[in-house]
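Numbering (the working numbering), first residue to last: 26 to 88.
In this text, a Cβ means the ideal position worked out from N, Cα and C, and glycines have one as well.
The block underneath contains the structure these notes are about, expressed in structure tokens.
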């Protein structure tokens with residue numbers, strides 16, 4: 026697994042631990058959830074971009 030993926034997973038684990046903390050207010054929890062959702066969407070877009078780039082490279086070599 027790539028180091029950045031492991032790092033993201035450990036960060037997500039820390040954030041999920043924060044969510045389990047009973048001292049957080051509902052607004053703090055919702056901000057954390059929004060941040061996680063934004064990170065997830067950003068990662069999806071990054072993967073899609075990398076996949077399209079790889080596909081274009083593959084197709085250009087195949088011609």
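Determine the extent of the alpha helix (DSSP H) in which residue 62 is found, giving its start and end residues. As a first step, residue 62 is located in the chain shown; it is residue number 37 there, counting from the start. Taken as a continuous stretch (DSSP letters only), the alpha helix (DSSP H) holding residue 62 covers 51 to 87.
Please state if the CB of residue 61 and the CB of residue 46 are separated by a distance shorter than 9 Å. Start at 1 with the first residue of the chain shown, and residue 46 comes out as number 21. Start at 1 with the first residue of the chain shown, and residue 61 comes out as number 36. No. Outside cutoff.
Three-state secondary structure (DSSP) of residue 46: The sequence position of residue 46 within the chain shown is 21, counting from 1. Residue 46: coil per DSSP, three-state reduction.
Measure from the alpha carbon of residue 40 to the alpha carbon of each residue in 48, 57, 65, then state which is nearest. Position 15 of the chain shown, counted from the first residue, corresponds to residue 40. Comparing Cα-Cα distances from residue 40 to each of 48, 57, 65, the minimum goes to 57.
Rounding to the nearest angstrom, what Cα-Cα distance links residue 53 and residue 70 in this structure? Taking the first residue of the chain shown as position 1, residue 53 is located at position 28. Taking the first residue of the chain shown as position 1, residue 70 is located at position 45. Distance between the alpha carbons of residue 53 and residue 70 is about 26 Å.
Grab me the residues of residue 49's own chain with a C-beta within less than 8 Å of its C-beta, minus the 5 sequence neighbours each way, in chain order. Position 24 of the chain shown, counted from the start, is the residue given in the question as residue 49. Around residue 49: 43, 57.
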